[in-house]
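Just so we're aligned, residue 1 is where the sequence shown starts under our numbering, counting upward by one. Virtual Cβ for every residue (Gly too), placed ideally from N, Cα, C. None of the values given here were measured: they were computed from a predicted structure. Presented below is the structure to which this report refers.
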Amino acid sequence: MQGVNQQKKNNKNDQKYLYTIDKQLINLIKPKSNKFFFILLFCFTIIYILFIYFLNEILNQNYKVYKHLIFFIEAIIELIWTGMILGISFLEAWIKFKAVLLDKRVGFDVGRTVFCAFQKIEIISIFFIFQLKFYQYFINQIELSIFAKENFVFLLVFLQTFILLPTLDIHALQTIKGFDIKFSKIPHLLYVLFELIKVILLSLNAIQILLSLNN
1 MQGVNQQKKN NKNDQKYLYT IDKQLINLIK PKSNKFFFIL LFCFTIIYIL
51 FIYFLNEILN QNYKVYKHLI FFIEAIIELI WTGMILGISF LEAWIKFKAV
101 LLDKRVGFDV GRTVFCAFQK IEIISIFFIF QLKFYQYFIN QIELSIFAKE
151 NFVFLLVFLQ TFILLPTLDI HALQTIKGFD IKFSKIPHLL YVLFELIKVI
201 LLSLNAIQIL LSLNN
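Structure representation (structure tokens):
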């Protein structure tokens with residue numbers, strides 16, 4: 001009798017969990033997450049504008065230092081971005097499934113949450129790089145080869161955000177719900193390929209920028 005009651009309780013919990021997943025399937029991007037993203041973006045923007053303003057006031061008499069600092073910040077952003085891609089896409093994404101006690105559904109739920117947050121961080125990084133490009137244009141110091149690689153990275157992020165991630169998110173939600181459906185591996189392979197290209201381009205950019213500072 002106790003086993004039957006326990007089974008009913010488990011079924012009730014599963015139904016409640018699946019109902020939550022159904023709501024997530026309708027709203028792939030949670031409003032709360034969007035609110036957090038815009039608050040974070042606003043705070044970073046204010047801090048960045050104040051930083052550049054005071055920096056310009058302090059270093060307006062030292063053009064070389066100002067130019068080098070702008071490029072150095074750009075290189076640091078791209079190196080951090082590269083490290084996050086390596087840590088999330090090429091380490092966390094698959095190694096968490098090596099944990100024996102981690103349920104497959106929980107693993108997929110954690111994965112989709114992490115990648116949703118990481119995509120927002122990538123968009124913030126793009127925003128900051130565009131800000132830096134504005135100041136580089138202002139001082140006539142835009143490197144076209146670097147800017148071309150960055151634009152290609154931005155295009156890949158756009159394709160991932162609006163085409164690949166929504167598709168992969170639906171696949172993950174169906175797996176979380178327990179449906180044994182065989183999806184095409186093409187979106188996942190394309191996403192991994194795009195991540196690899198981003199790592200290469202961002203790394204090359206950062207190295208090129210840092211080397212140019214010695215000139």
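Checklist entry - So what's Ile142 in DSSP terms, helix, strand or just coil? => result coil
Next on the checklist: Distance check for Ile70 and Tyr135, CA to CA, integer angstroms please.
Outcome noted: 8 Å
Checklist entry - Cβ of Glu122 within 9 Å of Cβ of Trp81? => result yes
Checklist entry - In this structure, does DSSP put Gly107 in helix, strand or coil? => result Reduced to three states, the DSSP call for Gly107 is helix.
Checklist entry - If you draw a straight line from the alpha carbon of His152 to that of Asp103, how long is it in whole angstroms? => result Before going further, note that residue 152 is Phe rather than His in the sequence given. Cα-Cα distance, rounded: 37 Å.
Next on the checklist: With a threshold of 8 Å on Cβ separation, who are the neighbours of Ala172 within its own chain once the five nearest residues in sequence on each side are excluded?
Outcome noted: Phe108, Asp109, Gly111, Arg112
Next on the checklist: To the nearest angstrom, how far is the alpha carbon of Phe130 from that of Ile77?
Outcome noted: 12 Å
Next on the checklist: Checking 9 Å against the spacing of the C-beta atoms, do Phe44 and Ile124 come in under that value?
Outcome noted: yes
Next on the checklist: Check this for me: beta carbons of Leu101 and Ser203, under 9 Å apart or not?
Outcome noted: no
Checklist entry - How long is the line joining the alpha carbons of Val114 and Glu150, rounded to whole angstroms? => result 24 Å
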